[in-house]
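In the numbering used here, the protein residues as written are 228 to 481.
Glycine included, every Cβ here is placed at the ideal spot set by N, Cα and C.
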Amino acid sequence: MINIYPVQEIFGPTIQGEGPQAGGKTIFVRFAGCDYDCLWCDTQETWKIKDQDRMTAIIILERIEKLNEQGNCNHVTLTGGNPLLYDLEKLVDLLHALDYKVAVETQGSKYKPWIRKVDNIVISPKPPSSSNLKIHESPASADNFRNLYGFFHKLMDENLLEYPVPTDVTIKVPIFNSVDFEWFLKLKNKFAADNTYKWYLSVGNENVREEGSIQERLLQNYEWLVNKVIKSDLIDVYVLPQLHTLIWGNKKGV
Ligand code: SF4
Numbered sequence: 228m229i230n231i232y233p234v235q236e237i238f239g240p241t242i243q244g245e246g247p248q249a250g251g252k253t254i255f256v257r258f259a260g261c262d263y264d265c266l267w268c269d270t271q272e273t274w275k276i277k278d279q280d281r282m283t284a285i286i287i288l289e290r291i292e293k294l295n296e297q298g299n300c301n302h303v304t305l306t307g308g309n310p311l312l313y314d315l316e317k318l319v320d321l322l323h324a325l326d327y328k329v330a331v332e333t334q335g336s337k338y339k340p341w342i343r344k345v346d347n348i349v350i351s352p353k354p355p356s357s358s359n360l361k362i363h364e365s366p367a368s369a370d371n372f373r374n375l376y377g378f379f380h381k382l383m384d385e386n387l388l389e390y391p392v393p394t395d396v397t398i399k400v401p402i403f404n405s406v407d408f409e410w411f412l413k414l415k416n417k418f419a420a421d422n423t424y425k426w427y428l429s430v431g432n433e434n435v436r437e438e439g440s441i442q443e444r445l446l447q448n449y450e451w452l453v454n455k456v457i458k459s460d461l462i463d464v465y466v467l468p469q470l471h472t473l474i475w476g477n478k479k480g481v
């Protein structure tokens with residue numbers, strides 16, 4: 228059976244704006260469809276699967292190769308929406324066959340075995356400010372991280388021999404306010420025994436529709452977050468602004 232995916236956009240080469248690959252060249256493939264509804268989502272156009280182009284893995288690869296006709300990019304980022312809604316194993320294999328490194332960004336709500344074939348895995352759990360009723364319906368459910376435990380258990384399961392245990396796994400959390408920061412401290416504490424993961428904090432952009440220059444607002448938020456991290460007991464945590472928003476503001480497809 229040939230899988231056909233709803234694709235919101237494919238663009239690049241550009242730079243990755245967040246997380247451990249920040250500043251590195253990549254081509255983004257954004258899949259439509261998400262099982263969350265975060266209040267400040269900057270890609271709400273992906274929520275409804277309707278008018279997006281439908282593409283097979285081969286067609287996605289052809290689009291990537293066309294964007295990369297100069298051959299000056301060797302990295303592709305699969306994002307969304309939530310790309311883990313789909314079976315993307317064939318696409319990952321095709322990209323690897325052409326020597327692309329592959330990254331994936333997901334909130335960690337749905338597990339698929341193919342994720343273990345990806346070179347850079349970025350899990351981005353959503354904090355309370357997302358007002359995401361599916362994960363924050365009560366303070367208890369927000370803090371016990373039971374979904375994430377299940378996800379990481381499968382991701383790092385050494386008994387799943389068909390796929391290698393991934394070695395490059397990042398947990399990246401967007402922070403919008405003090406409640407989010409406290410939530411992150413609990414999350415980090417719960418997973419503290421496991422040194423497998425890289426930890427990143429990303430400054431939230433609370434107004435994803437604001438036009439024009441938003442850099443000043445975002446840099447103020449960044450300074451606030453940096454100060455929180457400096458004063459906290461956190462170690463081995465990296466705090467970054469969203470680099471793309473500092474260059475292009477809320478512009479899409481860049
Ligand atoms: S998980 Fe990501 S794409 Fe989905 S609603 Fe939240 S911010 Fe938007």
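Are the beta-carbon atoms of residue i and residue j separated by less than 8 Å?
{"i": "Leu315", "j": "Gly239", "result": "no"}
{"i": "Thr253", "j": "Thr304", "result": "yes"}
{"i": "Gly250", "j": "Leu470", "result": "yes"}
{"i": "Leu288", "j": "Gly335", "result": "no"}
{"i": "Leu311", "j": "Tyr338", "result": "yes"}
{"i": "Asp280", "j": "Ile348", "result": "no"}
{"i": "Leu446", "j": "Asn432", "result": "no"}
{"i": "Asp460", "j": "Trp426", "result": "no"}
{"i": "Tyr449", "j": "Val430", "result": "yes"}
{"i": "Thr241", "j": "Ala259", "result": "no"}
Quick one: Cα of residue i to Cα of residue j, how far?
{"i": "Tyr313", "j": "Val453", "result": "36 Å"}
{"i": "Ile441", "j": "Gly480", "result": "17 Å"}
{"i": "Ala367", "j": "Leu325", "result": "Summary for Ala367: the model assigns pLDDT 48, below 50, so the residue's position carries little reliability; its value from the coordinates is reported in the next sentence. Taking the straight line from one Cα to the other gives about 46 Å."}
{"i": "Val329", "j": "Glu443", "result": "33 Å"}
{"i": "Asn416", "j": "Thr397", "result": "15 Å"}
{"i": "Trp451", "j": "Ile285", "result": "45 Å"}
{"i": "Leu321", "j": "Gly298", "result": "16 Å"}
{"i": "Glu409", "j": "Met383", "result": "26 Å"}
Excluding the 5 residues flanking residue i on each side, which residues of the same chain have their C-beta closer than 7 Å to its C-beta?
{"i": "Asn404", "result": "Ser356"}
{"i": "Tyr390", "result": "Pro340, Arg343 and Lys344"}
{"i": "Phe372", "result": "Leu414 and Lys417"}
Please classify residue i as buried or exposed, where buried requires at least 16 other C-beta atoms within 10 Å of its C-beta.
{"i": "Pro401", "result": "buried"}
{"i": "Asn386", "result": "exposed"}
{"i": "Gly307", "result": "buried"}
{"i": "Ser351", "result": "buried"}
{"i": "Asp407", "result": "buried"}
{"i": "Glu438", "result": "exposed"}
{"i": "Gly377", "result": "exposed"}
Skipping 5 residues on each side, what residues in its chain have a beta carbon closer than 8 Å to that of residue i?
{"i": "Thr283", "result": "Ile229, Asn230, Ile231 and Tyr232"}
{"i": "Trp475", "result": "Val481"}
{"i": "Ile237", "result": "Ile254, Phe255, Val256, Arg257, Ile287, Arg290, Ile291 and Leu294"}
{"i": "Leu266", "result": "Ser356, Ser357, Ser358 and Asn359"}
{"i": "Tyr263", "result": "Asn309, Gln334, Ser336, Lys353, Ser357, Asn359, Lys361 and Ile362"}
Near residue i, what residues of its chain come up, given a Cβ to Cβ distance below 6 Å and the 5 sequence neighbours on each side ignored?
{"i": "Phe418", "result": "none"}
{"i": "Val466", "result": "Leu428, Leu452, Val453 and Val456"}
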